[in-house]
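Single-structure report; data block below.
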Amino acid sequence: MPRSEFTFANDPAATERVNAHLARYNRLRIASIRQAADPRPAHMRLGDAMLDIAAAGQTVDREALALRGFTEDELTEENLRKARNYGNAKMVRQVA
């Protein structure tokens, strides 16, 4: 009994259309997802972000916090002072 063989030839234009459609669909889906707003005060969110940045071995500064999505209104001296105190109180120190 003869064996049937299938030959698949990719059409570059069709592949490009499908990839463009998928890329557009993914961009729209990602843009439609909204992160839940964190109801905590700014200094608590800043303190947690400071701990995350420091744990990653990076320098904690205004630029690093701005890259995390904090605005200039949230990066006031008062909020940063409260955030440092919050982060220091939250940090667990162990003595070996």
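The sequence shown begins at 3 in the numbering used here and counts up one residue at a time.
We put the CB at the ideal spot given by N, CA and C, even for glycine.
Item	Value
Please state whether the Cβ-Cβ distance between histidine 45 and asparagine 81 is less than 8 Å.	yes
Among the residues of its own chain, which have a CB less than 8 Å from the CB of methionine 52, if the five just before and after it don't count?	Val62, Leu67, Ala85, Arg86, Gly89
Do glutamate 76 and leucine 48 have their CB atoms nearer than 8 Å?	yes
DSSP on valine 20, reduced to helix/strand/coil?	helix
Is glutamate 79 helix, strand or coil when you go by DSSP?	helix
At the level of alpha carbons, what is the spacing between alanine 11 and aspartate 40?	51 Å
For chain D, find out if any of its Cβ atoms is closer than 8 Å to the Cβ of phenylalanine 8; answer yes or no.	Given the protein chain composition of this structure (a single chain), no chain D is represented.
Use the C-beta contact count for phenylalanine 72: other C-beta atoms within 10 angstroms, 16 or more gives buried, fewer gives exposed.	buried
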